[in-house]
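Undergrad:
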Amino acid sequence: MAQWALMSKIVHCLKDEIVNNLYPPSTFPIEIRHYIAEWIENQNWEHFSTEKIEHESQAQAQALLHQMISTLQLVAQQNVSVVDRMKLTQMSRNMGMFLQQPLNFVVMIRDILRKEKSLIATYQPLSTREPSMQDVNHLEQKVYEIQEIRKGMHQLQEELAWEKQNYDSSQMTFQPNGLESSNTEMVKKQLNIQQLEHNMNVMALKRFQLLTECVDSLDQCQSKFISTLKYWRAKQHKAVIGFAFDDNLTPLQTWSEQLLVINGKLRQELMLIGEPNSDLQERLKKQLQFLIESSLVVEKQPPQVIKTQSKFSTTVRYLLGDKVAPGKPMVLKAQIVNEMQARNIGCLSGDNVGELINATAILEHNTTTKSTCATFRNMSIKKIKRADRKGSESVTEEKFAFLFSAEVTITGCDTPYRIQTISHPAVVIVHGSQDNNAMATVIWDCAFSEPDRMPFVVPDRVPWSSMCKTLNMKFITEVQTDYNLDGYNQLFLAQKIFDKPDCLDFTNMMVSWAQFNKEVLPGRTFTFWQWFEGAMELAKKHLSKYWTNKLIFGFIGKHHLHLILKQSINGTFLLRFSDSEIGGITIAYVATDENGCKRIQNIQPFTKKDLEIRSLGDRIRDIKEVTCLYPNFPKDEVFKNFYTDTNQPTNPGYIPVTLHTKVGQDATAPINTMAVVNDNPCVVFSQEMRQFTPPFPSHFTPEDIPSTMIENPAQSSNFLDIQSQFPQQFQREDIPSDMDLNTNTDNGMDMDFILSALQS
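Residue numbering for the sequence shown follows the working numbering, starting at 562 and increasing by one per position.
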């Protein structure tokens, strides 16, 4: 029941969605967990697994299920509340649904208890951090009390020694004369000595009791400190996918320094007792060693996707740096380790899995910030040794980490200590093309790893709700927006990853690593993550303001698209991420066909390259077929702030170029006119041409020359520009007969001069 006692304190801090996923109302409501918590926690659920389907496991699971039903019925009968009694009775009946599959039932309970432990590790330090600091302050007060008792005992000891000496002297000179006053005086002195000795014993006993209590309290405070430090590291890990994270280590440094000082004072008090207490001394020694070895922290993590032969930096901080004995420089060394080595840090073999450049740094104390850090500014992985891959595992699924270690001597301690810490997992790549898949490995690791896991174990399957939360957090962080993926977006993402376009409820579904970034999507050549990351990257670089202003619908399937647009007027459009192309955004709009029937048209997606040439706002302005953003916002009103000023001045001496986006048949028609702007020919681009197409094709024929080719040739310098658009084999005979070769231009140049200029 101890676990439920902790869980019940944080359950009110959790979102309803998390609580419902943890305790599904239809199968295992939270009331069952509450009313029979002690019975649940007394059973061995870890013994069961869905892989163990032998008869013995099935029988044991069946027995546990019957015991739970009986326990629940007993609790229901003893409950004084009629409402609770009826509810618990109904719940016990509902447990009968598992009678055919008892193994699934016990595995469900096992997983619930595991998730509870994870939540407790994550949330409890947050709620107990401030009380823990109060505990440290209270502990310091107790240590001060021990010191005062010691001082009082010292004074009492001096007084006792004086009284004993005085009594002994009086006894030597004492002559029994039968006087009552003399006898009474000796008795008083003797009683006073006995009282002083009694007081000494009482104070010594209290002193020892306080010392024992302080060692116990120090153990608890240090455990809370370690737990909070683990929580800080876990939050640092999840910050990669966008979760809020406070990187300030100063409170933790103050806390660790207080614990170290208290440990030193308690060890000193034990030494001053005079009578060695091996139990307390050994406990304080172990606490000291654990604190010293646990206070090395990677303050700034190395990149979690690292390309070999490239520079990167990382910073490691020692929280007890101010307590390090001066005189000897602390050299921090770094080495790269694989997953197997990370699980056996204490007994690493000499086999190096990678060669690092600039892998040492000095732990230096900064008096301004009062921090002791070692910064590796130009570290690089020269080469890496891969482990043998399992099955279809790729190199971008293999995780490494950096192990940082040093030897330090703490002031007040006789022996040096070896301190070390390990970074978060990193994926090592050799080419930029591997970056996308490597980041998928990192995202999965950051989002779904347990705080106290075995390195670098992650579940192979996670609830869709957790995956959806991760995708949303990563998206809004990368795009730098407060506008989340809405219900429509989340539904389509679920339909996409599970390949269930007709399903509407994914609440209880589990998504696997293979579905996330191993198996290609049906009918595509890319995985779900590659597709999602492409859309996210496009939004990050070119669509952030559009998304923040809620002008982009985002992730939506074509079927759903037709449902919401079918009742809209012609020209109504919305913007959605391409379903078939990585990193593309398309415009879907309502149009009318030849028979007067409405249909939904999807314009070829605009990619990063397209939007670098012409912005999305200007492309929307160009396309006359789209007029109204769904549901009914005139495009010029909502997109006007994204239009580029068409009257921007051009640099003198250059030919101005105008770009336009067109759709339909006009989009692919060859451009065969040259407009003259300020007496300079200006090439007009069409649709979304990704490269310049000259006005005349290479198979140029006389019939292709338009009569309006040259409207006003002004100066001879312009003829060179015109000449460049004609093929070299152009002859006088190629000029159409309807062009007057003898007609002089306004400045006296006839066509013979033009022809000679072209042929030259």
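For glycine and all other residues, C-beta sits at the position ideal for the given N, C-alpha and C.
If we call anything under 7 Å between Cβ atoms a contact, is Phe851 one with Ile897?
TA: Walking along the sequence shown from the start, residue 851 turns up at place 290. Walking along the sequence shown from the start, residue 897 turns up at place 336. Not a contact, by the Cβ cut-off of 7 Å.
Undergrad: Cutting at 6 Å between CB atoms, please list the residues of its own chain near His715, excluding the five before and the five after it.
TA: Counting from 1 along the sequence shown, the entry for residue 715 is found at position 154. None.
Undergrad: Check Asn824 in the structure and name its three-state DSSP category.
TA: One-based indexing of the sequence shown puts residue 824 at position 263. Helix at Asn824.
Undergrad: Hey, could you find the ends of the alpha helix (DSSP H) Glu978 is sitting in?
TA: Position 417 of the sequence shown holds residue 978. Correcting the residue identity first, residue 978 is Tyr in this sequence and not Glu. It is not in any alpha helix (DSSP H) - Tyr978 instead sits in the beta strand (DSSP E) that spans 978-983.
Undergrad: Can you round the beta-carbon distance between Tyr554 and Leu1126 to whole angstroms, since I take them to be within the 8 Å contact cut?
TA: The shown model of the chain, from 562 to 1321, leaves out residue 554, and the question about it has no answer.
Undergrad: Pick helix, strand or coil for Ile1113, following the three-state DSSP scheme.
TA: Taking the sequence shown and counting its residues from 1, one reaches residue 1113 at position 552. If DSSP states are grouped into helix, strand and coil, Ile1113 belongs with coil.
Undergrad: Whose C-alpha, out of Gln1165, Asn1193, Glu1173, is nearest the C-alpha of Ile1323?
TA: Limits of the chain in this structure are 562 at one end and 1321 at the other, which puts residue 1323 out of reach.
Undergrad: Name the residue from Glu916, Tyr1107, Leu1082, Phe937 whose alpha carbon lies nearest to the alpha carbon of Tyr1044.
TA: For this step, residue 1044 is matched to residue 483 along the sequence shown. Proximity to Tyr1044 across Glu916, Tyr1107, Leu1082, Phe937 peaks at Tyr1107, based on C-alpha coordinates.
Undergrad: Quick one: Cα of Glu602 to Cα of Asn1193, how far?
TA: Indexing the sequence shown from 1 puts residue 602 at position 41. Indexing the sequence shown from 1 puts residue 1193 at position 632. C-alpha separation (whole angstroms): 58 Å.
Undergrad: How many whole angstroms separate the CB atoms of Met1071 and Val1023, which I take to be in contact at a CB cut-off of 8 Å?
TA: Translated into positions along the sequence shown, residue 1071 becomes position 510. Translated into positions along the sequence shown, residue 1023 becomes position 462. Their Cβ separation, rounded to whole angstroms, is 7 Å, which keeps Met1071 and Val1023 in contact under 8 Å.
Undergrad: Expressed to the nearest angstrom, what Euclidean distance is found between the alpha-carbon atoms of Leu810 and Glu1080?
TA: Translated into the one-based positions of the sequence shown, residue 810 becomes position 249. Translated into the one-based positions of the sequence shown, residue 1080 becomes position 519. Cα atoms of Leu810 and Glu1080: separation of roughly 41 Å, rounded to the nearest angstrom.
Undergrad: For His573, report the span of its alpha helix (DSSP H) as first-last.
TA: Taking the sequence shown and counting its residues from 1, one reaches residue 573 at position 12. From DSSP, His573 is part of no alpha helix (DSSP H); its letter is neither H nor E.
Undergrad: When the Cβ atoms of the region 647-660 are set against those of the region 590-604, are three or more pairs found closer than 8 Å?
TA: yes
Undergrad: According to DSSP, simplified to helix, strand and coil, what is Gln896?
TA: Position 335 of the sequence shown, counting from 1, holds the residue named residue 896. Of the three classes helix, strand and coil, the one that applies to Gln896 here is strand, per DSSP.
Undergrad: Distance check for Thr1188 and Thr1133, CA to CA, integer angstroms please.
TA: If you number the sequence shown from 1, residue 1133 lands on position 572. If you number the sequence shown from 1, residue 1188 lands on position 627. Those two C-alpha atoms are separated by around 6 Å.
Undergrad: If you drop the 5 nearest sequence neighbours on each side, which residues of the same chain put their C-beta closer than 8 Å to that of Lys1101?
TA: As a working mapping, residue 1101 is identified with position 540 in the sequence shown. Correct list, in chain order: Glu1039, Val1040, Gln1041.
Undergrad: Would you check if the distance between the CB atom of Met1015 and the CB atom of Val866 is smaller than 7 Å?
TA: Locating residue 1015 in the sequence shown gives position 454, where the first residue counts as 1. Locating residue 866 in the sequence shown gives position 305, where the first residue counts as 1. In this structure, Val866 does not lie closer than 7 Å to Met1015 by Cβ.
Undergrad: Using 8 Å as the cut-off, can you tell me whether the region 772-787 makes contact with the region 819-834, which would need three or more C-beta pairs spanning the two stretches below that distance?
TA: yes
Undergrad: Give the secondary structure of Tyr596 by DSSP, where H, G and I count as helix, E and B as strand, and everything else as coil.
TA: The count along the sequence shown starts at 1 and reaches residue 596 at position 35. In this structure, Tyr596 counts as helix in the three-state DSSP scheme.
Undergrad: DSSP three-state label for Cys934, please.
TA: Locating residue 934 in the sequence shown gives position 373, counting from the first residue. Cys934: strand per DSSP, three-state reduction.
Undergrad: If you check the beta carbons only, do Leu1046 and Phe1053 fall under 7 Å apart?
TA: Locating residue 1046 in the sequence shown gives position 485, counting from the first residue. Locating residue 1053 in the sequence shown gives position 492, counting from the first residue. In this structure, Phe1053 does not lie closer than 7 Å to Leu1046 by Cβ.
Undergrad: Are the region 914-924 and the region 881-899 touching by the rule of at least three beta carbon pairs closer than 8 Å?
TA: yes
Undergrad: Ordered along the chain, which non-local residues of its own chain (more than five positions away) have a Cβ less than 6 Å from that of Ser941?
TA: Sequence index remark: in the sequence shown, residue 941 carries index 380 (1-based). Result list for Ser941: Lys872, Ile918, in chain order.
Undergrad: Under three-state DSSP, which class holds Glu1186?
TA: In the sequence shown, residue 1186 corresponds to position 625, counting from 1. Here Glu1186 sits in coil by DSSP.
Undergrad: Indicate whether Pro986 and Lys960 have their beta-carbon atoms separated by less than 7 Å.
TA: Numbered from 1 along the sequence shown, position 425 holds the residue referred to as residue 986. Numbered from 1 along the sequence shown, position 399 holds the residue referred to as residue 960. Contact: yes.
Undergrad: Drop a sphere of 10 angstroms on the beta-carbon of Tyr792, count the other beta-carbons inside from all chains shown, and report buried for 16 or more, exposed for fewer.
TA: The residue given as residue 792 occupies position 231 in the sequence shown. The residue in question, Tyr792, is buried, as its Cβ has 16 or more Cβ neighbours within 10 Å.
Undergrad: If I measure Cβ to Cβ from Thr1342 and keep anything under 7 Å in the same chain, skipping five residues before and after, which residues do I get?
TA: No answer is possible for residue 1342: the residues shown for the chain start at 562 and end at 1321.
Undergrad: Is it buried or exposed for Tyr584, if we count other Cβ within 10 angstroms and need 16 for buried?
TA: Position 23 of the sequence shown, counted from the first residue, corresponds to residue 584. Burial call: buried.
Undergrad: Counting only runs of 4+ residues fully inside the region 1072-1110, write out the alpha helix (DSSP H) ranges in chain order.
TA: 1074-1078, 1089-1099, 1105-1109
Undergrad: Could you check how far apart the C-beta atoms of Ala1008 and Ile673 are, in whole angstroms? I think they sit under 8 Å.
TA: Along the sequence shown, one-based indexing puts residue 1008 at 447. Along the sequence shown, one-based indexing puts residue 673 at 112. Contact annotation, Ala1008 with Ile673: C-beta distance approximately 20 Å; criterion of less than 8 Å not satisfied.
Undergrad: CB Leu625 to CB Val667, shorter than 7 Å?
TA: For the purposes of this step, residue 625 is taken as the residue at position 64 of the sequence shown. For the purposes of this step, residue 667 is taken as the residue at position 106 of the sequence shown. Going by C-beta atoms, Leu625 is nearer than 7 Å to Val667.
Undergrad: Between the Cα of Ala598 and those of Asn582, Gln621, Met658, Ile670, spot the shortest distance and give me the residue it belongs to.
TA: Your numbering for residue 598 matches position 37 in the sequence shown. Just measuring C-alpha positions, the residue of Asn582, Gln621, Met658, Ile670 sitting nearest Ala598 is Ile670.
Undergrad: Please report the straight-line C-alpha distance between Met761 and Val859, rounded to a whole angstrom.
TA: Against the sequence shown, residue 761 aligns to sequence position 200. Against the sequence shown, residue 859 aligns to sequence position 298. Between Met761 and Val859, the C-alpha separation is close to 50 Å.
Undergrad: Go to Asn1050, then tell me how far its alpha helix (DSSP H) extends in each direction, as first and last residue.
TA: Within the sequence shown, residue 1050 is the residue found at index 489, counting from 1. It spans 1048-1059 - the alpha helix (DSSP H) in which Asn1050 sits, taken as one unbroken run.
Undergrad: When the Cα atoms are used, what is the spatial distance from Ser1298 to Gly1225?
TA: Looking up residue 1298 in the sequence shown gives position 737. Looking up residue 1225 in the sequence shown gives position 664. With a pLDDT of only 45 at Ser1298, under the threshold of 50, the placement of this residue in the model should not be trusted, and no figure is reported.
Undergrad: Please report the residue range of the beta strand (DSSP E) in which Ile1004 lies.
TA: Within the sequence shown, the letter at position 443 stands for residue 1004. Note, Ile1004: premise wrong, no beta strand (DSSP E); alpha helix (DSSP H) at 996-1009.
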